[in-house]
Structure formats: structure tokens, C-alpha cells
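Data block below; observations after.
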Amino acid sequence: MADSLRELPQGMEIKTTPLDRPAANFRTTRMRVRGPNQLEIGASRDIRLFQGVFVGFGIGGLVMGFALSGGDENPAVAFLVGGVFLVIGLVMVAASRRVVFDREEGVVHFRSLVRTEPRPLDEILAVQVVEGGYHPGSNGGGGGYTSYQLNLVRDGETVSRLGLSNHSDRDWTAETGVTLAEFLGVPLLSTVAVRDKVAKENEQRLQRRVLVGIAGACLGFFGGFVGFAALMFNFDLPGEWMMWLFPLSLFGGLVLGAILAVQVERKIGRSDQ
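In the working numbering, the protein residues as written are 140 to 412.
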């Protein structure tokens, strides 16, 4: 950790309102210690999986479009849907950023696929952890969540804040704020307390169930999609059958995916006891 703690200039006011930036109901970042003088904050496995789903569906749609182009079916819809999913997935991958703090070089590197921006480490005045606000579910219904922001307070012509993360994992955000502030030797400005172990485990269990459910639904949807494609290419079925087989294949896949997700969660739950 840093040898000494820098103090904020006297009389400096720093906003505690959340930054206006996208939020997620799952953890999108992870922290990795790369050495005694290097610490990195980058994309989590969950967000990589989320991006991979879009890229996978996009490639699958394009493959189906090419397969349909050799027959009597119109491949336009498959190409369109596949292209949209693929573009969204690639944009998310390109926009993902890694922030590497290097005390030996005295530099913080902001890295993405399209650019790398090094900045002096001394520009960082403090680490801030604040609530990012409540984000309601679709149409204002259930499924809402509160996000928590991890921000850097930077010096310059004017004091500014730079967001590192904004998601629902309260404990990761609070604990990473403590670790990062100690590593940089700067004050921690936090309105979010680190919680006890039981509260943390309960929320992690709930988040895990949500992620397992999403993964099961995606797997089931993809399985139903593949099953429908196999039926279509291997059997000469009437057109009216196709209209019913497609939703039935997707529904069947979703049901199987839900059953698989429940079994996985039960097995994980028993291992936690």
C-alpha cells in the first residue's frame, strides 16, 4: 500500500450526487492486483458473458441467414436480427475499459480496444463511493435495484469526477473503494458502509440466483432456436407448421433452461451449507 496518505486541499468541495452514467443490476467490473505496484479495474466475467450472448446470437443469425439464402426462404430477417445483435455486442466489447494504476511509473492508464490514455497518478485526489440511485424495473414495475458508484476525484483546471463502475454490487463497490484508496494513498470519500458477512452472503446468493436464471433462459432460448433450425433443414414441413414450431421450440427450450437453472442453483445452494 502507499506509504503516506495525501490530504485534500483545504476548503475543497466535492459533489456527492451520483454521476449520470449507465447502470447495471449485476457486477460489471472486477479488481485485480497485478503486482506490488499495479492494480487493475476492468470488465467482470458477468459482463463478458453478457457481451458474448449478443455476439453469439449475432453470429448465429448470420449463419442462419447464409443457410437460408441457399433455399426458398427469405434470409433478410435472419441477416437483420443477426447483424443488429452482432453490432451491439461488438460495440459493447469495444467500449469496455480497463484502468491500470501503476505506482512505479506514477501513471494511470485508461485502456480500451480503440484507445489508450495515460494520465499522471498525482491527478487523483480521492476515491469516492456513493449511491448511484434507484433504477426501477420496466414500466416502473418490480425488478428495480439500487446501484453504487466507484468514482475517482481528479485535479485539473477544475476538480472533476471520473466513474469507474456503477452497478448493484454494494459490497464489491465499498470494499474496492477502501482497497483502491489505500493503494493510491488518497482519502476515501464514502457514503456507503462495508456491511457484515451475513448481509453480504444473502445478497450474493440472490444475485447468483438471478444470474443462473438468466443464463438458463439464454441457454434454453439458444437451444430452442437450434432445435427449430434442425427441424427446418432436415424435414420438409408445411409452412403452417413452421408458424407454430418456432414459438413452441423456443418455449420448450426456455422451460428446459429454467429446469436446468433450478437444478444448478439447488446444487450450489447445498454446497454453501
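Think of the CB as a built atom: it goes at the ideal place given N, C-alpha and C, for glycine as much as any other residue.
In or out: residue i buried (at least 16 other Cβ within 10 Å) or exposed?
i	result
residue 170	buried
residue 409	Residue placement at residue 409 is poorly supported in this model, since its pLDDT is 48, which falls under 50; the coordinates still yield a value, given next. Exposed: under 16 other Cβ atoms inside 10 Å.
residue 156	exposed
residue 207	buried
residue 240	buried
residue 332	exposed
residue 251	exposed
residue 411	Model confidence at residue 411 stands at a pLDDT of 43, short of 50, so the residue's coordinates are unreliable; what they give is reported in the following sentence. It is exposed - the Cβ of residue 411 has fewer than 16 other Cβ atoms within 10 Å.
residue 213	exposed
residue 166	buried
residue 266	buried
Hey, out of the options, whose CA is closest to residue i's CA?
i	options	result
residue 291	302, 285, 276 and 318	302
residue 197	276, 267 and 227	227
residue 288	153, 234 and 162	162
residue 237	175, 217, 249 and 229	249
residue 200	298, 168 and 222	222
residue 216	306, 273 and 204	204
State the start and end residues of the unbroken alpha helix (DSSP H) segment that holds residue i.
i	result
residue 185	184 to 207
residue 310	309 to 323
Sort out for me which residues DSSP pairs residue i with in a bridge.
i	result
residue 302	290
residue 256	249
residue 180	170 and 238
residue 217	The partner list for residue 217 (beta bridge, DSSP) is empty, contrary to what the question assumes.
Terminal residues of the continuous beta strand (DSSP E) containing residue i?
i	result
residue 333	Run containing residue 333: none; DSSP gives neither H nor E here.
Is residue i helix, strand or coil by DSSP?
i	result
residue 156	coil
residue 270	strand
residue 162	coil
residue 265	strand
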